[in-house]
Amino acid sequence: MTLLRLPTTTAPSASAGRTRPRRGRAPRKPRLLVAITGLFFALLYLPIAVVALFSFNSQKSLTVFDAFSLRWYRAFAHDDVLLSSLTTSLRISLVAMAGSVVLGVALALGLVRCRTRLGSLAGLIMLVPLITPEIVTGVASMLLFKGLGIALSTGTVMLAEITFSISYVTVILRSRVAALNPEVEEAAMDLGATRWQAVRLVTLPALLPAVLASAVLIFALVFDDFVLAYFTTGVDPQPLSVRIYSAIRFGVQPTINAVGTLMLAGSIALIALALFIPRLFGRRGGLDLLSGK
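Numbering (the numbering used here), first residue to last: 44 to 336.
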């Protein structure tokens, strides 16, 4: 006797009735926008790359690259005129950095703590140098010094650069000051500290990362500045940017390529340091620095 085995039917699985979703097409890249972006960066950075490349040319030619050499960097190191201008630019940058940071910190504290209409008006006036064309500021500074009978010199460049840079420091520090808890200062004064001691021992240490970052950024901006320095400098010694402009009017020398490459490298390093300093103190860095966050 044989047993008949009925065919067993398996229950359809839940996934059997599901159909696999078709993979959608990957979004196409906007080729026109990519091409325009590439063209923009090429026009922006290709001339800089050419200057950096020919600064290492062994020959004097500015069109044909012969061989790699540090000839023009050694020539710059032995050029007393350019070295004198470099020293002048460094002195101007250091003085402008120190002056603008001190005044900018004081102005940022005053604008945040002064909650009157006059404080709001002062805050708006502080933004005017940021939107005013620099050539207008340079001409106005020159006319002011001429009207006061002050001879144009390195000192006038320092004064003009300090005045122009205060707004940048204030913008960077203003939001940082506003984010501080005023109760911390009040607690310090309750413990016997004076107003100045509370600011010096509590507020300024909290602002130190932003202060150092803004100082480095101002140094880089002032060192590379040309327009304001051109209208307010004297005959000699001239800042390095003005000296380079005076030299290229009689033809571009390969030494200028070397100087420009060194200035570019130094500026990039300083700005990168300014953006990285807040991270050293455990704060957010990057582009948040420029917005004062």
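Quick reminder that beta carbons are idealized off the backbone N, C-alpha and C, glycines included.
How many whole angstroms separate the CB atoms of residue i and residue j, which I take to be in contact at a CB cut-off of 8 angstroms?
i      : j      : result
Ala272 : Ser284 : 6 angstroms
Thr276 : Gly181 : Contact doesn't hold; Cβ gap of about 10 angstroms is too wide.
Leu125 : Val302 : 6 angstroms
Val148 : Val254 : 6 angstroms
Phe97  : Leu86  : About 18 angstroms separates the two Cβ atoms, so there is no contact after all.
Pro280 : Ser163 : Contact doesn't hold; Cβ gap of about 42 angstroms is too wide.
For residue i, which three-state DSSP category applies?
i      : result
Asn224 : coil
Phe111 : strand
Ile168 : helix
Here's a check: name, in chain order, each residue in its chain whose Cβ is nearer than 6 angstroms to the Cβ of residue i, leaving out the five neighbours to either side.
i      : result
Ser208 : Ala139, Ser143, Ile261
Ile314 : Ala263
Ala151 : Thr213, Leu216, Arg217, Val220
Ile205 : Ala139, Gly142, Ser143
Pro225 : none
Ala317 : Ala256, Val259, Leu260
Ala231 : Ala241, Val245
Looking only at its own chain, which residues have a Cβ that is under 8 angstroms from the Cβ of residue i, when we skip the five neighbours before and after it?
i      : result
Cys157 : Ala165
Tyr211 : Ser143, Gly147, Leu173, Ser257, Leu260, Ile261, Leu264
Thr199 : Ser184, Phe188, Ile193, Thr275, Thr276, Gly277
Ala120 : Leu126
Ile291 : Ile299
Measure the CB-CB distance between residue i and residue j and report whether it falls below 9 angstroms.
i      : j      : result
Ala118 : Pro297 : yes
Tyr88  : Leu305 : no
Ala249 : Leu223 : yes
Phe99  : Leu82  : no
Leu167 : Pro252 : no
Ile178 : Val107 : no
Thr197 : Thr131 : yes
Met169 : Leu154 : yes
Ala110 : Ser101 : yes
Of all Cβ atoms in chain B, is any one closer than 9 angstroms to the Cβ of residue i?
i      : result
Ser143 : The chain inventory of the structure shown lacks chain B, comprising one protein chain alone.
In chain order, what residues of the same chain lie with their CB nearer than 7 angstroms to the CB of residue i, ignoring the 5 residues before and after it?
i      : result
Met201 : Ile135, Val138, Ala139
Asp267 : Ser284, Met306, Ser310
Leu122 : The question names Leu, but residue 122 in the sequence shown is Asp. The residues are Thr298.
Pro282 : Ser128, Thr131, Ser132, Ile135, Val200, Ala272, Thr276
Ala203 : Ser184, Leu271, Thr275
Ala78  : none
Requested in this report: Can you check the segment 231-316 for any alpha helix (DSSP H) of at least 4 residues that lies completely inside it and give the ranges in chain order?
Outcome: Within the segment 231-316, the alpha helix (DSSP H) runs of at least 4 residues that lie entirely inside it are, in chain order, 238-241, 247-267, 270-275, 283-291.
Query raised in the report: Mind pulling the alpha helix (DSSP H) runs of 4 or more residues that sit fully within the segment 137-219?
Result: As summarised for the segment 137-219, the continuous alpha helix (DSSP H) elements at least 4 residues long and confined to that stretch are 160-169, 171-174, 177-190, given in chain order.
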